[in-house]
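Participant: Here numbering that gives the first Met the number 0 is used: position 299 in the sequence shown is 298, and no number is missing along the way. Just so it is clear, CB atoms sit at the ideal spot from N, CA and C, and this is done for glycine as well. No experiment lies behind these values; they were computed from the predicted model shown. I'd like to ask some things about the structure below.
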Amino acid sequence: MERPISERLFLEAQAHIPGGVSSPVRAFKAVGGTPPFLVRGEGAYVWDADGNRYVDYVLSWGPLILGHAHPEVVRRVKEVAEQGLTFGAPHPLEAELAKVVKRAYPQVELVRFVNSGTEATMSALRLARGYTGRKYIVKFRGNYHGHADGLLVEAGSGALTFGVPSSAGVPEEYAGLTLVLEYNDPEGLRELLRARGEEIAAIIFEPVVGNAGVLIPTEEFLKALHRAREYGILLIADEVMTGFRLAFGGATERLGLKPDLITLGKILGGGLPAAAYGGRREIMEEVAPLGPVYQAGTLSGNPLAMAAGLATLEILERNPGYYGYLETLGARLEAGLKEVLSQKGLPHTVNRMGSMITVFFTEGPVATFQEARRTDTELFKRFFHGLLDRGVYWPPSNFEAAFLSVAHKEEDVAFTLEALEKAL
Ligand code: PLP
């Protein structure tokens with residue numbers, strides 16, 4: 000598959016933008032080669048600037064559960080756009096979207112809209128600190144919550160060590176307020192709680208991890224997380240990726256979680272920039288203008304983003320069967336991938352929940368970030384480029400989730416599996 004136009008565009012972009020991209024993974028550093036410049040999408044497919052078509056398993060990193068350019072979503076955004084793009088004033092669609100969020104997450108009483116998942120998690124943590132009067136937070140190794148300073152921290156060595164910065168530019172003092180634990184390690188969590196439970200404002204976690212590749216939480220781990228609330232710690236379920244994806248009520252519904260705060264993004268904005276954090280009234284009333292925790296945004300609650308999100312969520316709510324469909328199609332893809340990889344004699348572990356899926360190239364099980372890192376990244380590169388060159392757009396890193404949309408069909412999965420067979 001030839002991509003001369005993408006190649007030229009990428010060279011040009013690199014002259015003006017660091018790495019030629021607005022977000023690092025798009026540069027294909029983990030897999031090498033030139034990223035296709037995508038210029039059109041419809042349903043399950045995207046087209047690059049050279050006119051090549053791909054079955055899309057990235058879906059803009061998760062938002063497009065209905066597929067690209069869903070006609071009803073596009074129509075409703077257009078209608079709103081014709082009335083004005085932004086006002087920086089209250090707009091009726093904000094409360095409409097908040098009501099849908101509350102139907103999906105019945106424990107949420109108040110919701111605040113922001114522009115990105117990063118803002119949602121950053122604001123939820125500020126709120127947790129303001130509410131509890133404590134300064135430490137806990138996150139898990141390999142979980143990603145956006146690029147706010149205190150969250151760009153990878154594991155320290157062991158449960159009780161301070162975090163070390165994983166990005167240049169994050170001061171140690173700041174990173175030191177983030178305690179990092181291994182995901183799916185209930186004992187490590189219990190130990191930390193016993194030692195320092197009273198100092199911790201919040202635990203933030205991906206209820207099903209997508210950002211280390213897919214990792215599924217164990218029952219025992221989820222139980223240990225909920226015990227943290229006995230120490231007055233707020234539990235923040237970061238549902239930016241899983242919200243409205245694993246079920247209409249996200250991982251919270253699917254796994255029966257009881258978080259104090261949730262963060263949402265991606266599907267919430269239906270392809271435009273919207274995200275949110277929400278929870279019990281008593282906590283959310285600490286947010287300005289009601290309370291002392293400041294958080295604001297010029298474009299927050301933007302009418303176009305509210306319209307795209309509202310249209311998307313209303314379609315999902317009207318079609319509860321979509322989640323069963325995604326489960327069935329996901330199971331088909333999982334079984335097919337395992338079959339092809341077994342036939343070829345390649346080591347693999349496929350982790351999946353619903354429409355989130357990752358193939359790790361290692362013998363399993365893969366439940367922690369450490370285990371995920373055993374994947375054979377050279378083999379992943381072959382897998383990735385083999386698919387790309389045959390018209391399948393898979394996430395360009397092994398430590399990511401691939402997604403399905405309701406626009407994907409059995410024949411798209413069959414096309415993907417055939418491509419893989421030829422590629423390997
Ligand atoms: N939280 C989770 C679980 C995510 O997957 C992401 C993005 O992938 C974020 C937060 C950050 O969201 P955004 O990229 O919109 O800032």
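Does the distance between the C-beta of D237 and the nearest non-hydrogen atom of the ligand PLP fall short of 7 Å?
Facilitator: Yes; taking the cut-off as 7 Å, the Cβ of D237 has a heavy atom of the ligand PLP nearer than that.
Participant: Would you kindly work out how many angstroms separate the C-alpha atoms of V405 and L65, rounded to a whole number?
Facilitator: Cα to Cα, V405 sits roughly 5 Å from L65.
Participant: Taking DSSP as the reference, what is the three-state secondary structure of D47?
Facilitator: Of the three classes helix, strand and coil, the one that applies to D47 here is strand, per DSSP.
Participant: Indicate, with yes or no, if the ligand PLP has a heavy atom lying under 7 Å from the CB of E205.
Facilitator: Checking every heavy atom of the ligand PLP against the Cβ of E205, one is found closer than 7 Å.
Participant: Looking at the ligand PLP, does it come within less than 7 Å of N397, judged from the CB to the closest heavy atom?
Facilitator: Result no, Cβ not under 7 Å from the ligand PLP.
Participant: On the CB-based measure, 16 or more other CB atoms within 10 Å of its CB, does S22 come out buried or exposed?
Facilitator: Label assigned to S22: exposed.
Participant: Whole beta strand (DSSP E) runs in the segment 209 to 261 with 3 or more residues, listed along the chain?
Facilitator: As far as the segment 209 to 261 is concerned, its whole beta strand (DSSP E) runs of at least 3 residues are 233 to 237.
Participant: With distance defined between alpha-carbon atoms, name the residue in Y143, V24, L151 nearest to L176.
Facilitator: The shortest C-alpha separation from L176 is found at L151.
Participant: By a C-beta neighbour count over all protein chains shown, 10 Å radius and 16 as the cutoff for buried, is T297 buried or exposed?
Facilitator: Exposed is the call here.
Participant: Tell me whether A274 counts as near the ligand PLP, meaning its Cβ is closer than 7 Å to at least one heavy atom of that ligand.
Facilitator: Yes, the Cβ of A274 comes within 7 Å of a heavy atom of the ligand PLP.
Participant: Less than 7 Å separating the Cβ of W60 from some heavy atom of the ligand PLP?
Facilitator: W60 Cβ: within cutoff of the ligand PLP.
Participant: What residue range does the alpha helix (DSSP H) around D411 cover?
Facilitator: It spans 409 to 422 - the alpha helix (DSSP H) in which D411 sits, taken as one unbroken run.
Participant: Which partner residues does F112 have in the DSSP bridge list?
Facilitator: Per DSSP, A275.
Participant: For a quick check, are the C-beta atoms of F360 and V54 less than 8 Å apart?
Facilitator: No; because the gap between Cβ atoms is not below 8 Å, this pair is not in contact.
Participant: Here's the rule: buried if 16 or more other CB atoms are within 10 angstroms of the residue's CB, otherwise exposed. What is A174?
Facilitator: By the 10 Å Cβ count, A174 comes out buried.
Participant: For the ligand PLP, I want to know if Y130 counts as a neighbour, meaning its beta carbon is within less than 7 Å of at least one of the ligand's heavy atoms.
Facilitator: Y130 Cβ: outside cutoff for every heavy atom of the ligand PLP.
Participant: Taking just the CA atoms, how far does H146 sit from V20?
Facilitator: Those two C-alpha atoms are separated by around 16 Å.
Participant: Take every Cβ of the segment 199 to 210, pair it with every Cβ of the segment 227 to 238, and state whether three or more of those distances are shorter than 8 Å.
Facilitator: These segments touch.
Participant: List the residues that DSSP assigns as beta-bridge partners of E489.
Facilitator: One cannot answer for residue 489 here, as it falls past the ends of the chain, which runs 0 to 423.
Participant: Please report the straight-line C-alpha distance between L476 and M355, rounded to a whole angstrom.
Facilitator: The chain is shown only over 0 to 423; residue 476 falls outside these bounds and no answer can be derived.
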